[in-house]
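At position 61 of the sequence shown the residue is numbered 61 (full-length UniProt numbering), and the sequence of numbers has no breaks. Everything below concerns the one structure shown next.
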Amino acid sequence: MAVSLTIIVLIISLHLLAFVFAIGAEKRRSEAKVVPDEYDDRTFCVYTTDASTVYGLSAFALLFLSHAALNAVTRCLCCGKGLVSGCSTTFSVLFFVLSWISFLGAEACLLAGSARNAYHTKYRGYFVKHDLSCATLRKGVFAAGAALTLFSMLASILYYWAHSKADTGFWEKHQNEGIGLATHNHGPESEKP
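Below you can see the structure in the form of structure tokens.
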């Protein structure tokens, strides 16, 4: 299998879009402030926009699509044809493991951050309590997902490159096998004029 520029562009573009959405999710995290109710003495939490939840889930989906496309092309390293033993196969296995670890870490950060950002404590029944703690997402969860997305992109590209170098392909594997019909020697009959 030769390295396909289309596959590399697809992997890079989906990872970079996921990275941009993850950074956008970090910048647009929900913030909360305690506001007293105008009709009674209760206080409640008022949250800003939920845009980072949508951004985080978009980054999650794009990263998933990129990794699914990569594993469909390479047949997830274990379901395809054999690989030629050597340095390329070793690097292929190493980058396969690194791409999966970084992918799962990024997906966990993006999904957990989106779920936690969507959780709002809307109303508290405390009377005249001004030091109310409103639940918000910690800073850096989406940033960690963005960093792991870039690491996943690098590991995925190196895995695809090493896998394509180590892939035997059907022709190379069976190149010297065959019946050999082209070389047929008839013996003394072939010497007649």
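By construction, the Cβ of each residue, glycine as well, lies at the ideal position given by its N, Cα and C atoms. These figures come from a predicted structure and were not determined experimentally.
Notebook entry, point to check: Where does the unbroken alpha helix (DSSP H) through T90 begin, and where does it stop?
Noted result: The residue you call residue 90 lines up with position 90 of the sequence shown. Unbroken alpha helix (DSSP H) run through T90: 87–118.
Next item on the list: Would you decide whether D167 is buried or exposed? Buried here means 16 or more other CB atoms lie within 10 Å of its CB.
Entry: Numbered from its first residue, the sequence shown carries residue 167 at position 167. D167 is buried by the Cβ-count criterion.
Note to self: When you compare the CB positions of F103 and Y159, do they come within less than 8 Å of one another, or not?
What the structure shows: On the sequence shown, residue 103 is found 103 positions in, with the first residue counted as 1. On the sequence shown, residue 159 is found 159 positions in, with the first residue counted as 1. No, the pair does not count as a contact, with Cβ atoms beyond the cut-off.
Notebook entry, point to check: Contact check, Y55 vs F19 under 8 Å by CB: the rounded distance?
Noted result: Locating residue 55 in the sequence shown gives position 55, where the first residue counts as 1. Locating residue 19 in the sequence shown gives position 19, where the first residue counts as 1. Actually they do not touch by this definition, with Cβ atoms about 11 Å apart.
Next item on the list: Could you check what DSSP says for Y39 in three-state terms: helix, strand or coil?
Entry: Position 39 of the sequence shown, counted from the first residue, corresponds to residue 39. In the structure shown, Y39 sits in coil (DSSP, three-state: anything other than H, G, I, E or B).
Checklist line | Sufficient close CB pairs (3 or more, under 8 Å) joining the stretch 32–49 to the stretch 6–20 | finding: no
Notebook entry, point to check: With a CB to CB cut of under 6 Å and the five nearest residues on each side skipped, what residues in its chain are close to H174?
Noted result: Within the sequence shown, residue 174 is the residue found at index 174, counting from 1. Reliability of the predicted coordinates at H174 is poor, the pLDDT of 47 falling under 50, and the value obtained from them is presented with this limitation in mind. Counting only Cβ-Cβ distances below 6 Å, and skipping sequence neighbours, we find nothing.
Notebook entry, point to check: Short check: CB of T49 to CB of R75, under 8 Å?
Noted result: Counted from its first residue, the sequence shown places residue 49 at position 49. Counted from its first residue, the sequence shown places residue 75 at position 75. Cβ atoms of T49 and R75: not closer than 8 Å.
Check: Out of K165, H163, A147, which has the shortest C-alpha to C-alpha gap to L17?
Finding: For the purposes of this step, residue 17 is taken as the residue at position 17 of the sequence shown. Checking every option, the nearest Cα to that of L17 belongs to A147.
Next item on the list: Figure out for me which residue from S30, A106, Y119 has the closest Cα to the Cα of H67.
Entry: Looking up residue 67 in the sequence shown gives position 67. For H67, the nearest C-alpha among the options comes from A106.
Next item on the list: Out of Y119, S114, S156, point me to the one whose CA is closest to A144's CA.
Entry: As a first step, residue 144 is located in the sequence shown; it is residue number 144 there, counting from the start. Of Y119, S114, S156, the residue nearest in Cα terms is S114.
Check: Considering only residues of the same chain and omitting the five flanking positions on each side of L137, which have a CB-CB separation below 8 Å?
Finding: Counting from one through the sequence shown, the residue named residue 137 turns up at place 137. Answer for L137: R29, S30, S52, G113, R116, N117, listed in chain order.
Notebook entry, point to check: alpha helix (DSSP H) containing L10: first to last residue?
Noted result: As a position in the sequence shown, residue 10 is number 10, starting the count at 1. Note, L10: alpha helix (DSSP H), 5–27.
Checklist line | Proximity to S99 [Cα-Cα], best of A162, K33, A32 | finding: As a position in the sequence shown, residue 99 is number 99, starting the count at 1. Of A162, K33, A32, the residue nearest in Cα terms is A162.
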